[in-house]
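So that you can map any letter, position 42 of the sequence shown is 59 in the numbering used here, and since no number is skipped, the others follow by simple counting. A virtual CB, placed ideally from N, CA and C, is assigned to each residue, including glycine.
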Amino acid sequence: MQKKTGLFASGVVLFATLIGGAIRIQAVLASPAPLNDGGLFYALSMDLVKNNFALPAVSSYNLAEIPFAYPPLAFYLTGILHALLGVSLFDLVRILPAVVSTLTIPAFYLMARELSRTRETAGYATLAFALLPRAFDWVIMGGGITRSFGLLFAILALWQAKRYFNQHLLKNLAGLIIFSILIVYAHPEAAVHTAIGGLLLYLFFDRSRKGFFSLLACAAVILASTAPWWGLVLARHGLAPFEAARAAAGQDSYNPLVGLIIFFRFSFSDEPFLSLFAVLGLVGFFGLLFDKKAFFPAWIFGAHLIEPRGGTLYMMLPLACSAGYALDQMLLPVLGMKLSDGALPKFKTQITAYSFLAFILLYGIFSADYVAEKVRSTSLTTGDLETFRWVDEQIPAGSRFAILTGTEPLRDSTSEWFPALNRQISVATVFGYEWLNDGNFARRVENYKSLQACRSQEAACLEAWSKTTGLEFDYVYLRKEAGLIAPLILFLNREANYQLLYETPGAAIFKRR
18 MQKKTGLFAS
28 GVVLFATLIG
38 GAIRIQAVLA
48 SPAPLNDGGL
58 FYALSMDLVK
68 NNFALPAVSS
78 YNLAEIPFAY
88 PPLAFYLTGI
98 LHALLGVSLF
108 DLVRILPAVV
118 STLTIPAFYL
128 MARELSRTRE
138 TAGYATLAFA
148 LLPRAFDWVI
158 MGGGITRSFG
168 LLFAILALWQ
178 AKRYFNQHLL
188 KNLAGLIIFS
198 ILIVYAHPEA
208 AVHTAIGGLL
218 LYLFFDRSRK
228 GFFSLLACAA
238 VILASTAPWW
248 GLVLARHGLA
258 PFEAARAAAG
268 QDSYNPLVGL
278 IIFFRFSFSD
288 EPFLSLFAVL
298 GLVGFFGLLF
308 DKKAFFPAWI
318 FGAHLIEPRG
328 GTLYMMLPLA
338 CSAGYALDQM
348 LLPVLGMKLS
358 DGALPKFKTQ
368 ITAYSFLAFI
378 LLYGIFSADY
388 VAEKVRSTSL
398 TTGDLETFRW
408 VDEQIPAGSR
418 FAILTGTEPL
428 RDSTSEWFPA
438 LNRQISVATV
448 FGYEWLNDGN
458 FARRVENYKS
468 LQACRSQEAA
478 CLEAWSKTTG
488 LEFDYVYLRK
498 EAGLIAPLIL
508 FLNREANYQL
518 LYETPGAAIF
528 KRR
């Protein structure tokens, strides 16, 4: 019986990995550039390679002297692959996040198997995780070069933590320590959420004195092993970059009371149509509470309230497990489908159950593919890259650009990638400045928003913006949406103080006299 159900679960996991990987990777291969963001991380990787893999004090990004304080593991791995394989850093930042995101699927099964009652529950949970848009949409972007490694190592660390709390074997404690060290070197939010998950695992499944002191020893070893990085950053910059990053993260967070209200909306999965997997997770949430198994509900709730900025990504881990529980232990048995007898149900007698599973699968594939395509549509195009090359070749290095795209400050691929692929300055770009502890991050966000408002106004808006913000610029870069001409382009063509230098169906560049 165990062999048959084990084969069923293995088949589900293999299928989930193949279909989930195909959705992730095809979106990347269809794009000429890294999906959406990642320009800052590309620049950091380039800085590291140019500095012969010695950690630079500051980044060259946007010529802003931004402290090089970000956990560097992904940049080292990218740079090493670039040196060994000869693949461009640009292509590595484009492709690697989707590959690592695919690896999180079988890694998730290892964790889910330790946390689930049956292999089937873990298998269904893995299928849900593979197709949940929020489990991969921000991970396969260019910025996922750090997020993907953080998520992968977090899943593996929690897998080892659960195994250790079960039997207190030294090899599992060693695995927990190794993966936790990699997390700290990979991504700051991953470290926070691994700590949340690990603490909950201890409270629900151990609570022994040995487990407690093992966690303290684990923390001490992690702290000592990561000291070469954070110690160097502290020696160079003090606590300022970390304080700045913490303050910047609070800009798109909310207070606990608002968070409590938002939690009960239960709309975290980024599903574009019917929030099917979120609903399955919600059913499992209450089913687990009824079954007096509160670990997954506590994890979902804790990840959301304690660290809401990155919480939604890590909420997908317990949410997928709850969805797997709902399918295997609650919904499919009602439809007469149960694998505990060691045999697969016959199709003719279980057509309703199979139809339900087929609907979930087809919906999940369509939903995930739709979201992946939506992410690709927000990314740089071939036309954008050609414009960047023209600027790099024709405009003097160090020139100051006001870039208008009409998008949001932290979702603007043009504003982020422009200073990463050129030797120019984007005066309103927000990316990277979260590591500058000057108290001006919120003001920079407002400056960016007020600049974008000028797209539909006259040239006087730009002049007023420059005077109000104190930000001077030499050139105006206007990105066109679907070939549409922003009103500002028409007004600038009539202004004697602005000269049109370059125009394509995708962009226009003016020189300010």
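The residue from 239, 231, 69 with its alpha-carbon nearest to that of residue 92 is 69. For the set 368, 121, 431, the Cα lying nearest the Cα of residue 498 is the one of 431. If you check the CB distance, residue 493 and residue 465 do not come in under 9 Å. 9 Å or more divides the Cβ of residue 323 from the Cβ of residue 201. A direct Cα-Cα distance of roughly 44 Å separates residue 396 from residue 307. Under the three-state reduction of DSSP, residue 497 is assigned to coil, being neither helix nor strand.
Every alpha helix (DSSP H) stretch that sits fully inside the region 192 to 273 and reaches 4 residues is listed by chain position as 205 to 222, 226 to 242, 244 to 254, 257 to 266. Using a C-beta cut-off of 8 Å, the region 184 to 203 makes no contact with the region 59 to 78, since fewer than three inter-stretch Cβ pairs fall below that distance.
Contact between residue 124 and residue 172 holds, with the beta-carbon distance rounding to 5 Å and staying under 8 Å. For residue 518, the enclosing beta strand (DSSP E) stretches over residues 515 to 521.
Your pair residue 452 and residue 83 checks out as a contact, with CB atoms roughly 5 Å apart and the cut at 8 Å. By the neighbour-count criterion, in which a residue is buried when 16 or more other Cβ atoms sit within 10 angstroms of its Cβ, residue 133 is buried. C-alpha of residue 241 to C-alpha of residue 166: approximately 21 Å in a straight line. Just so you know, the alpha carbons of residue 81 and residue 496 end up roughly 23 Å apart. Taking residue 313 as the centre and dropping the five residues before and after it, the same chain places the C-beta of 305, 335, 338, 339 closer than 6 Å to its C-beta, in chain order.
The region 39 to 53 and the region 380 to 398 touch, with no fewer than 3 CB-CB distances between them shorter than 8 Å. Taken in chain order, the complete beta strand (DSSP E) segments of 3 or more residues contained in the region 416 to 451 are 417 to 421. Per DSSP, reduced to three states, the secondary structure at residue 84 is strand. When C-alpha distances from residue 95 are compared across 87, 105, 86, the shortest belongs to 105. With respect to the C-alpha of residue 263, the residue from 296, 303, 205, 415 having the closest C-alpha is 205. Ranked by Cα distance from residue 116, the first of 41, 189, 47 is 41. Residue burial annotation: residue 163 is buried, with at least 16 other C-beta atoms found within 10 angstroms of its C-beta. Beta-carbon to beta-carbon, residue 265 and residue 58 are separated by about 16 Å, too far to satisfy the 8 Å threshold. In the three-state reduction of the DSSP assignment, residue 76 falls in the strand class.
Contact between residue 440 and residue 489 does not hold, since the beta-carbon distance rounds to 18 Å and is not under 8 Å. Rounded to whole angstroms, the gap between the alpha carbons of residue 225 and residue 216 is 13 Å. A distance below 7 Å between beta-carbons, with the five flanking residues on each side excluded, links residue 232 to the following residues of its chain, in chain order: 219. Here residue 108 is exposed: its Cβ has fewer than 16 other Cβ atoms, across all protein chains shown, within 10 Å. A distance below 9 Å separates the beta carbons of residue 151 and residue 286. Inter-residue distance for residue 213 and residue 37 is about 27 Å (C-alpha atoms, whole angstroms).
The continuous stretches of alpha helix (DSSP H) do not include residue 309, and DSSP gives it neither H nor E.
Pairing residue 112 with residue 289, the inter-Cα distance amounts to about 24 Å. 9 Å or more divides the Cβ of residue 524 from the Cβ of residue 517. By the Cβ-count criterion, residue 282 is exposed, with fewer than 16 other Cβ atoms from all chains shown falling within 10 Å of its own Cβ. A direct Cα-Cα distance of roughly 11 Å separates residue 352 from residue 346. The continuous alpha helix (DSSP H) containing residue 107 extends over residues 106 to 132.
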